[in-house]
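What follows is a set of notes on a single structure, which appears directly below.
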Amino acid sequence: MASSFDNYQKRKLISSYISVVISIALVLFILGCLGLLVINSKKVADHFREQVVITIYLNDTAKDVEVKQLEKSLIMADYSKKAVYVSKEEAAELMKADTGEDFMDFLGYNPLKNSIDVYLKAEFVTTEKLTEISESISDKSFVEEIRYDNDLVELMNDNVKKISLWVLIISGLFTLIAVLLINSSIRLAVYSKRFIIKTMQMVGATKRFIRRPFVWQSVKLGIIGAVIALIGMAVILYYLDITFLELRLLENTLLIAALFVGIFLLGILITWLSTFIATQRFLNLKTDQLYY
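Mind the numbering: the sequence shown is residues 1 to 292 in UniProt numbering, read in order.
Next up, the structure:
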């Protein structure tokens, strides 16, 4: 009979430990993913900004030497990520591929212009910078027109600011939730042993002696939960990196390493602190208060 009861107690204890580890792992995993989002939010925003294109349309009378000089100067400009010359014939083929119809069959000629598409570096994709760049290029006599989507640029910059703010707010909120959830799981685990704590105290054990095995056990659970969370984060990061190669998510190795270390230490710190506070609370309770 006693053996059966002991086995039941062991199963219950193991189940309690597993639930604590899962809670810690899930919370730290979500927190870690938010950390990855915060670290790479600028890179993602820059990636979308760098899709903005300034298209420079050239006169048909433009000389090849002038066009090549302009293209070379644009490639070397500090605001340019790349510059691509698109001939009117190439533009016609692209339009034909997009629409599925050959408009030259109706018109009898190609009305499109030779052009240069300039892809800007992210820090130059603002209304002010785009205006300055356009003005510096438009003074050339063989440049007919310069086009870019200014409304899209303004909308994109406004949305990036809003999203960045909300990411920080949500990250702070989830950090608080993470602490509360892990603290709650640890407190429940300690609560189930409150009578053992009080018994040890009544036979003369010091508070430090009583607290030590509980703290050490919780820290071990925190380490296991943190390791599981880090494995999950590593899998997610690897998948995103091979899926979105252009973002180069693994480029910030120091920041990513710091985040992983931070999540690991956070798992230890929260479990240690929660266990310390929970055991201290039950150590300070009177025996009749343990039933409430």
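We treat Cβ as the ideally placed atom computed from N, Cα and C, and that holds for glycine.
Given a threshold of 16 other Cβ atoms within 10 Å of its Cβ, counted over all protein chains shown, does I210 qualify as buried or as exposed? buried
Can you give me the start and stop residues for the beta strand (DSSP E) that K82 sits inside? S80 to V86
In chain order, what residues of the same chain lie with their CB nearer than 8 Å to the CB of I39, ignoring the 5 residues before and after it? N252, L255, I256 and L259
Please classify M1: does DSSP put it in a helix, a strand, or coil? In this prediction, M1 has a pLDDT of 46, which is less than 50 and means its spatial position is unreliable; nothing more can be read from the coordinates.
S115 classed as buried or exposed, judged by whether at least 16 other C-beta atoms fall within 10 angstroms: buried
By DSSP, does V38 sit in helix, in strand, or in coil? helix
Does the stretch 23-35 come close enough to the stretch 66-84 to have 3 or more Cβ pairs within less than 8 Å? no
Restricting to runs no shorter than 3 residues, where is the beta strand (DSSP E) found entirely within the UniProt domain "FtsX extracellular" (52-146)? 53-58, 80-86 and 115-120
Could you tell me whether the stretch 52-71 touches the stretch 258-278, where touching means 3 or more Cβ pairs closer than 8 Å? no
With distances taken from CA atoms, which of M202, Y119, S136 and A229 is nearest D46? Y119
Taking the continuous alpha helix (DSSP H) assigned at T206, which residues delimit it? Unbroken run through T206: none, as it is neither H nor E.
Of all the options C33, K42, G32 and I18, which has the alpha carbon lying nearest to the alpha carbon of M165? The question names Met, but residue 165 in the sequence shown is Leu. It is K42 whose Cα lies nearest to the Cα of L165.
Alpha carbon to alpha carbon, how far is V86 from V21? Give it in angstroms, no decimals. 58 Å
Please tell me whether, using a cut-off of 7 Å, the distance from the CB of S274 to the nearest non-hydrogen atom of the ligand HEM is below it. Judged by which ligands are present, the structure shown has none, so any question about the ligand HEM falls away.
Could you compute how far the alpha carbon of W272 sits from the alpha carbon of G225? 13 Å
Within this structure, are the beta carbons of Y17 and L221 separated by less than 8 Å? yes
Neighbourhood of Y148 by C-beta, 8 Å cutoff - its chain only, sequence neighbours within 5 removed: V52, V53, I54, T55, L130 and S134
Does the separation of the CB atoms of Q201 and L283 fall below 8 Å? yes
Contact set for F264: own chain, Cβ-Cβ below 8 Å, skip 5 residues either direction: I223, A226, V227 and L230
Assigned secondary structure, R248 (DSSP; H/G/I helix, E/B strand, else coil): coil
Nearest CA to the CA of C33: which residue from D241, V261 and G232? G232
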